[in-house]
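In terms of the working numbering, the sequence shown is residues 987 to 1454. Even for Gly, the Cβ is constructed at its ideal location relative to N, Cα and C. This one's a predicted model, so the numbers in the text were calculated from it and none came from an experiment. Single-structure report; data block below.
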Amino acid sequence: MSDLTMTIAGQAQTSKETFPVLNPANAQVIAEAPECTPELLDAAVTSAHEAHESWLADPAARSSVLMDISATVESNLDELAARITEEQGKPLHEAKDELSGAISDLRYYAELNLPVDTVADTDDLMVQVLRRPMGVIAAITPWNFPLGTAMSKLAPALAAGCTVVLKPSPYTPLSSLRFGELIREVLPPGVLNIVSGSDYLGSLMTGHPLVRMISFTGSVATGKNIAVSAAADLKRVLLELGGNDPAIVLDDADIDATADGVFANAFANCGQICVAIKRVYAPRAIYGQLVDALADRARSARLGDGRAPGIDIGPLCNPAQRDRITELVGDALQSGIKVAVGGAVTDGPGYFYEPTVLAGLNGDERIVVEEQFGPALPIIEYSDISEAITQANDSHYGLGASVWTSDPERGRTLAPQVESGTVWVNTHQSGVPGQPFGGLKWSGIGVEGGPWGMLAYTELQAIHTNKV
Ligand code: NAD
């Protein structure tokens, strides 16, 4: 049993209260994590507040600290990846990819400076626009990419001159706590505090008077609660919320290449990705072939404990998520929808669910309309492309979408018609450094990634100087 500690004011911190963390592959308790008390949270936020002034004063030091953090993550990658897999369930190679993305984020933001824009510079006056860091950031993360999501917040926030209190999900606190232990020596005390605890701890963070901004990734329901809580003090919010990404397959698409791409982007991390493909629209002419090709890939995917070699799909992260998939697939089956493959939980301990492909849907079933966040993919037939785009857009969500075609130019022309923060052509989820990522409609407010992701942690300040 591990006894990982929180990081508060640069020090290791335990708590009298703890909560169990389970391995989703076998439902065994792997550790007790500290439950941060309101007093300890107050100490964490206060230390972040006190550290802010000197942290914002030295951009060169910030850059070098971010590089040091990236080096620490890199040299401890195997240990951190193993912890992610153990608490979250994803195959080890996916956990390593998550950490490689985190390292890229740290290095990208280590090299980015806040811009100063000169709006006017004449004999009489100068007007410049600066970006002021917000101050103390409450960073609250979900369980699907524990360290990937943490770093997508910490890297730009710290680079911008903010200080941070991070709270991971109670399902996956261990990798973040261990990360805090590893980088304690690298950061000035108070600049980054890492606390663990329940949803209630999150609500205490969003209500704390010294927090100036909440950077949240998680469900739409919690995002709305956070926006309400933030309103009382007009705290700024960055909300990265759920998605229900459509893949729109055109009639000229290559079936095998499309099935490979769609399958990989629907079932990675057992479908538990905000920006996974969650519904597929396929034209009548190739509908049956595409369903068969996706079902073949689901049949041959190796399901198992993510720590074992050769595993493609791990368990769902927690029993609530497995129950949700069971409920949504059950609802579709009750309305007479056909299972092309899968459709059941597997025997034994752990929260496994068979990779599932559903065919013959109308498009109004719950599993099409709601975010399933798991390994069950509905395929909807369409007869003309405008109908498919209308159905794709008929959603409260607007995170990602993709168009699949043998003619990339045709895909690129259609892309702006789709209402989502990103539209990919012949891929999904890919990104390059400098690319923004965020959601329209209920999928969020603001973006992460690129220079915009750092500016999100700042406010504009105009300096207007009369020279005479
Ligand atoms: P969740 O909203 O239940 O919890 C996320 C975090 O918020 C956890 O740390 C939790 O303890 C905390 N929390 C819960 N209630 C709170 C409250 N009232 N105040 C403050 N904090 C609170 O989400 P989840 O189930 O952990 O994650 C799954 C969801 O996250 C899915 O909807 C998924 O699409 C979304 N997600 C979005 C993105 C994105 O970038 N858009 C990325 C990953 C996941």
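Excluding five sequence positions before and after GLN1377, the CB atoms of its chain that fall closer than 6 Å to its own CB belong to GLY1349, given in chain order. Under the three-state reduction of DSSP output, GLU1060 falls in the helix class. The stretch 1108-1118 makes no contact with the stretch 1014-1023; the number of CB pairs closer than 8 Å stays below 3. Beta-bridge pairing by DSSP links ASP1107 to MET1112. Around the Cβ of HIS1450, a 10 Å sphere holds fewer than 16 other Cβ atoms; the residue is exposed. Rounded to the nearest whole angstrom, the CA to CA distance from SER1406 to LYS1453 is 47 Å. Restricted to the stretch 1145-1209, the beta strand (DSSP E) segments that are unbroken, complete and at least 3 residues in length are 1149-1153, 1178-1180 and 1197-1203, listed in chain order. Bridge pairing for HIS1450: VAL1113 [DSSP]. Distance between LEU1078 and GLN1447, taken at the CA atoms: about 45 Å. The three-state reading of DSSP puts ILE1123 in strand, counting E and B together.
One alpha carbon belongs to PRO1422, the other to VAL1389, and they sit about 19 Å apart. Shown here for ALA1345: same chain residues with a beta carbon closer than 7 Å to its own, the five before and five after excluded, namely VAL1277, LYS1324, ALA1326 and ILE1365 in chain order.
Per the coordinates, the alpha-carbon of GLY1328 lies some 15 Å from the alpha-carbon of ARG1310.
Less than 7 Å divides the Cβ of SER1161 from the Cβ of LEU1133.
Rounded to the nearest whole angstrom, the CA to CA distance from PRO1119 to GLU1097 is 17 Å. Taking 6 Å as the cut-off, one finds no heavy atom of ligand 1 near enough to the beta carbon of LEU1344.
Within the stretch 1364-1417, the complete alpha helix (DSSP H) segments at least 4 residues long are 1371-1379 and 1394-1400, listed from N- to C-terminus. Here LYS1002 carries a coil assignment [DSSP, helix/strand/coil]. Residue nearest to ASN1304 within the set LEU1152, THR1158, PRO1154 and LEU1092 is THR1158 (criterion: CA-CA distance). Using a Cβ distance threshold of 7 Å, ILE1200 and ALA1216 count as a contacting pair. A distance below 7 Å between beta-carbons, with the five flanking residues on each side excluded, links THR1203 to the following residues of its chain, in chain order: THR1127, PRO1128, THR1135 and GLU1226. The three-state secondary structure of TYR1094, taken from DSSP, is helix.
Burial is judged here by how many other beta carbons sit within 10 angstroms of a residue's own beta carbon; LYS1002 has fewer than 16 and is exposed. Comparing alpha-carbon positions, the option among MET1191, THR1391 and THR1149 lying closest to ILE1272 turns out to be THR1391.
For THR1342, the enclosing beta strand (DSSP E) covers residues 1342-1347.
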